[in-house]
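Quick notes on the structure that follows.
2 protein chains.
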Amino acid sequence: MSLFHGLSAFPITPTDKDGRVNGDELFLLLDRIVKAGPDSRGNTGVNSIGLLGSTGGYAYLTRAERQRAVAMAADFIGGRIPLIVGIGALRTDEVQELAKDARDAGADGLLLAPVSYTPLTEAEVYQHFLAVAGVTDLPICIYNNPGTTHFTFSLDLLKRLSQIDSIAAVKMPLPQGQEIEDNLAQLRQNTADKDGFAVGYSGDWGCAAGLLAGADTWYSVVGGLFPSQALKLARAAQGGDTQTVQHIDQFFQPLWTLFKEFGGMRVMYAAANILSLTDASPHLPVLPLSPADKERVRKAIKTLNELS
Amino acid sequence: MSLFHGLSAFPITPTDKDGRVNGDELFLLLDRIVKAGPDSRGNTGVNSIGLLGSTGGYAYLTRAERQRAVAMAADFIGGRIPLIVGIGALRTDEVQELAKDARDAGADGLLLAPVSYTPLTEAEVYQHFLAVAGVTDLPICIYNNPGTTHFTFSLDLLKRLSQIDSIAAVKMPLPQGQEIEDNLAQLRQNTADKDGFAVGYSGDWGCAAGLLAGADTWYSVVGGLFPSQALKLARAAQGGDTQTVQHIDQFFQPLWTLFKEFGGMRVMYAAANILSLTDASPHLPVLPLSPADKERVRKAIKTLNELS
């Protein structure tokens, strides 16, 4: 399978309160992902690690810390799983530098969101991607996340971007007011000119449905901390086993509820605190969950751990 | 009049393509603002300069360049007009440093937008403002601009923020689906506990109506480049002279049309290019206007210059 396929796990990036990445704690998270799957029955493990995604707080880290995080992660992973790195930033020249930094530090692929302050036009986003694709040969995944970037890709823009040589995939949000089957079919049709162009989804609670519908990838927040359980859900969905998907999904329900209420990042920090993997909090102004809400996370983890 | 009252002019910040601020070109823009009004008939000039607003591209500049821009501007202005400085950034600790930098470099007041990547809660924005207010005595204006920050303030949050000692004003977007008179009355009611709390608007085409309705401030993009003409409109509106406002506003109409179509920043860069004040372009990925659209800007300037 190519780089942007299967289960891609997006961990948080533990830092101290000044935004310096804690390598030892990052390794604990990466180790869980690397060791999940493969098993004696021939199952394979997590298909890629998505470092410095939205959950990984890329937007809040300096260039130097982003470079350190990639270098440390690439070194720790040692080629056992492909490494995808988020390189989004406000300025095109900044992103070009981040793309080269990530390549030089050992990334296998790049994830690029059109981060915006001034609302961007389609022409601006196209030129931005073209300029970034021009500085490295690494395959790029379009990161379509209107909830954080406030840019909405049209089908036509996705089609044009998919025709740029190194742009190999798109990470879509769950469709609103449209069945995921229809959304996927529309995307396939518009990117059909590019052999092997991969279409995947984020928004964990709808991604098993995406894989069941034939999507290539689940870009998973929960997979960054609970890779074994996410793998079970992903493999059942990739195998087209609707009944097993429904069974497994029940164990994730309390967590999905929390994700919808607080966003994945806040919940994953709380969960990592509960599991004693790190004491780190999100970057202020993003606040950690309250003790009462952390208690709900604790219960959700307990439910998830009942999945055998 | 206190700091956040009257016409506040927000210029672009000319930079080279690497994002380094060009002091000489910035001085040309500031000089136009400083010299607009006062005249022999006792009219006063522009009431404040808003450096590093959205139009001033603060979000795209490094901390070092923001510091340089403030220091150069304060030095050039030499106290002739109060200087308000935009200090928004993603992280609370970053904003605290920017607030201290601006104070040390000579700012008279601060403008703070809740810039976001991860969507923020009301509690998070409240704590963010409280933390920033804690590091400097300078008066702070709440910068409410959902179009760029993607955060929407509730009336209750504005009320609570207005009760923080150094928070002295709010810069509102034009209301959607509500008359500006009603919006202003609602804001006055909710911030009535704070003596002299100033309520002003941005969104140039609706701001004369705001002043006519009794708003304290017009935070003006056009005032950053065409201060004399903006002053005429502001003074007529502040004087309650609806007929003169309507007359003057006609000369601005072609520019308002372009602002709505392209956003103020892209249009003001084009206008500054046309006036030979700078060759600078917006920061990529934001693109300069096309030659055909620049021609429309040229015509709009011609119309504005017919205002005598």
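Each protein sequence line maps, in turn, to chains A and B.
Quick note: to get the working numbering, add 464 to the position in the first sequence (first position is 1).
Quick note: to get the working numbering, add 464 to the position in the second sequence (first position is 1).
Glycine included, every Cβ here is placed at the ideal spot set by N, Cα and C.
Source: prediction; values computed, not measured.
Three-pair Cβ contact test at 8 Å for the stretch 707-714 of chain B versus the stretch 744-752 of chain B: no
Start-to-end residues for the alpha helix (DSSP H) that takes in residue 761 of chain B: Taking the second sequence and counting its residues from 1, the one referred to as residue 761 of chain B is at position 297. Per DSSP, the continuous alpha helix (DSSP H) segment holding residue 761 of chain B begins and ends at 755-769.
Three-state class that DSSP yields for residue 708 of chain B in the structure shown: As a working note, residue 708 of chain B is residue 244 in the second sequence. In this structure, residue 708 of chain B counts as helix in the three-state DSSP scheme.
Inter-stretch contact (C-beta, 8 Å, three-pair minimum) for the stretch 505-516 of chain B and the stretch 532-541 of chain B: yes
Limits of the alpha helix (DSSP H) - the one that residue 623 of chain B falls within: Counting from 1 along the second sequence, the entry for residue 623 of chain B is found at position 159. Segment 619-626, the alpha helix (DSSP H) holding residue 623 of chain B.
Chain A residues whose Cβ lies nearer than 7 Å to that of residue 759 of chain B: Translated into positions along the second sequence, residue 759 of chain B becomes position 295. Here the premise fails: no neighbours, minimum Cβ distance about 18 Å.
Interface partners of residue 614 of chain B on chain A, CB under 7 Å: Walking along the second sequence from the start, residue 614 of chain B turns up at place 150. The answer, in chain order, is 614.
Cβ neighbours of residue 673 of chain B in the same chain (closer than 6 Å, five flanking residues each side left out): Sequence index remark: in the second sequence, residue 673 of chain B carries index 209 (1-based). So the qualifying residues of the chain are 644.
Short-range partners of chain B found in the stretch 716-735 of chain A, where Cβ spacing is below 9 Å: Listed by position along the chain: 726, 727, 729 and 730.
Nearest residue (CA-CA) to residue 613 of chain B, options B/654, B/684, B/660 and B/636: Indexing the second sequence from 1 puts residue 613 of chain B at position 149. Checked all of B/654, B/684, B/660 and B/636; the closest Cα to residue 613 of chain B is B/636.
Delimiting residues of the beta strand (DSSP E) encompassing residue 575 of chain B: If you number the second sequence from 1, residue 575 of chain B lands on position 111. From DSSP, the beta strand (DSSP E) with residue 575 of chain B extends over 573-576.
Inter-residue spacing [alpha-carbon to alpha-carbon] between residue 666 of chain A and residue 581 of chain B: To locate residue 666 of chain A, count along the first sequence from 1; it is residue 202. To locate residue 581 of chain B, count along the second sequence from 1; it is residue 117. So the alpha carbons of these two residues sit roughly 16 Å apart.
Contact list for the stretch 682-708 of chain A against chain B, Cβ threshold 7 Å: none
DSSP bridge partner residues for residue 512 of chain A (one or two, in chain order): Along the first sequence, one-based indexing puts residue 512 of chain A at 48. According to DSSP, residue 512 of chain A bridges with A/472.
DSSP-derived helix/strand/coil call for residue 635 of chain A: Against the first sequence, residue 635 of chain A aligns to sequence position 171. Residue state, collapsed to three classes: strand.
Residue span of the alpha helix (DSSP H) that contains residue 550 of chain B, given as start and end: What you label residue 550 of chain B is simply residue 86 of the second sequence in a count that begins at 1. From DSSP, residue 550 of chain B is part of no alpha helix (DSSP H) but of the beta strand (DSSP E) over 547-550.
Sequence-distant residues of the same chain with beta carbon closer than 7 Å to residue 661 of chain B, five excluded per side: Reading the second sequence from its first residue, position 197 is the one you call residue 661 of chain B. A distance below 7 Å between beta-carbons, with the five flanking residues on each side excluded, links residue 661 of chain B to the following residues of its chain, in chain order: 626, 632, 633 and 655.
Where the stretch 544-569 of chain A meets chain B: residues whose CB sits under 8 Å from a CB there: From the stretch 544-569 of chain A, only 554, 555, 556 and 557 have a Cβ closer than 8 Å to chain B.
Beta carbon of residue 527 of chain A nearer than 9 Å to that of residue 576 of chain A: Along the first sequence, one-based indexing puts residue 527 of chain A at 63. Along the first sequence, one-based indexing puts residue 576 of chain A at 112. No; because the gap between Cβ atoms is not below 9 Å, this pair is not in contact.
Contacts of residue 583 of chain A in chain B (Cβ-Cβ under 8 Å): Locating residue 583 of chain A in the first sequence gives position 119, where the first residue counts as 1. Within chain B, the residues near residue 583 of chain A are 611, 612 and 727.
Contacting residues, own chain, Cβ-Cβ under 6 Å from residue 551 of chain B (five flanking each side not counted): By 1-based counting over the second sequence, the position of residue 551 of chain B is 87. Counting only Cβ-Cβ distances below 6 Å, and skipping sequence neighbours, we find 559, 562, 563, 566, 574 and 576.
Cβ contact check for the stretch 677-693 of chain A and the stretch 715-724 of chain A: 3 or more pairs under 8 Å: Enough Cβ pairs lie closer than 8 Å, so yes.
Within-9 Å CB hit, residue 518 of chain B to chain A: Against the second sequence, residue 518 of chain B aligns to sequence position 54. So yes, residue 518 of chain B belongs to the interface.
Spatial distance of residue 731 of chain A from residue 663 of chain A (CA atoms): Working through the first sequence from its first residue, we reach residue 731 of chain A at position 267. Working through the first sequence from its first residue, we reach residue 663 of chain A at position 199. Distance between the alpha carbons of residue 731 of chain A and residue 663 of chain A is about 26 Å.
Proximity of residue 617 of chain A and residue 606 of chain A at Cβ, strictly below 9 Å: As a position in the first sequence, residue 617 of chain A is number 153, starting the count at 1. As a position in the first sequence, residue 606 of chain A is number 142, starting the count at 1. Yes, the pair counts as a contact, with Cβ atoms nearer than the cut-off.
Alpha-carbon spacing of residue 702 of chain A relative to residue 646 of chain B, whole angstroms: Indexing the first sequence from 1 puts residue 702 of chain A at position 238. Indexing the second sequence from 1 puts residue 646 of chain B at position 182. Each residue's Cα considered, the two are about 55 Å apart.
C-beta neighbour in chain B for residue 523 of chain A, strict 9 Å: Stepping through the first sequence from its first residue, residue 523 of chain A is reached at position 59. Chain B, which has a Cβ nearer than 9 Å to the Cβ of residue 523 of chain A, makes this yes.
For residue 581 of chain B, the three-state DSSP class (helix, strand or coil): Against the second sequence, residue 581 of chain B aligns to sequence position 117. Reduced to three states, the DSSP call for residue 581 of chain B is coil.
Cutoff 9 Å: residue 529 of chain B Cβ touching any chain A Cβ: Along the second sequence, read from residue 1 onward, the residue named residue 529 of chain B stands at position 65. Residue 529 of chain B does not count as touching chain A.
Simplified DSSP assignment, three categories, for residue 740 of chain B: Translated into positions along the second sequence, residue 740 of chain B becomes position 276. In the structure shown, residue 740 of chain B sits in coil (DSSP, three-state: anything other than H, G, I, E or B).
Residue 677 of chain A (DSSP reduced to helix, strand or coil): Within the first sequence, the letter at position 213 stands for residue 677 of chain A. In the structure shown, residue 677 of chain A sits in coil (DSSP, three-state: anything other than H, G, I, E or B).
Short CB-CB distance (under 9 Å) between residue 747 of chain A and chain B: As a first step, residue 747 of chain A is located in the first sequence; it is residue number 283 there, counting from the start. For residue 747 of chain A, the answer is yes, since a Cβ of chain B falls inside 9 Å of its Cβ.
Nearest candidate by alpha-carbon position, reference residue 744 of chain A, set A/584, A/770 and A/520: As a position in the first sequence, residue 744 of chain A is number 280, starting the count at 1. Among A/584, A/770 and A/520, the Cα nearest to that of residue 744 of chain A is on A/520.
Status (buried if at least 16 other CB within 10 Å, exposed otherwise) for residue 641 of chain B: Reading the second sequence from its first residue, position 177 is the one you call residue 641 of chain B. Classification for residue 641 of chain B: exposed.
For residue 533 of chain A, three-class secondary structure by DSSP: Within the first sequence, the letter at position 69 stands for residue 533 of chain A. Helix at residue 533 of chain A.
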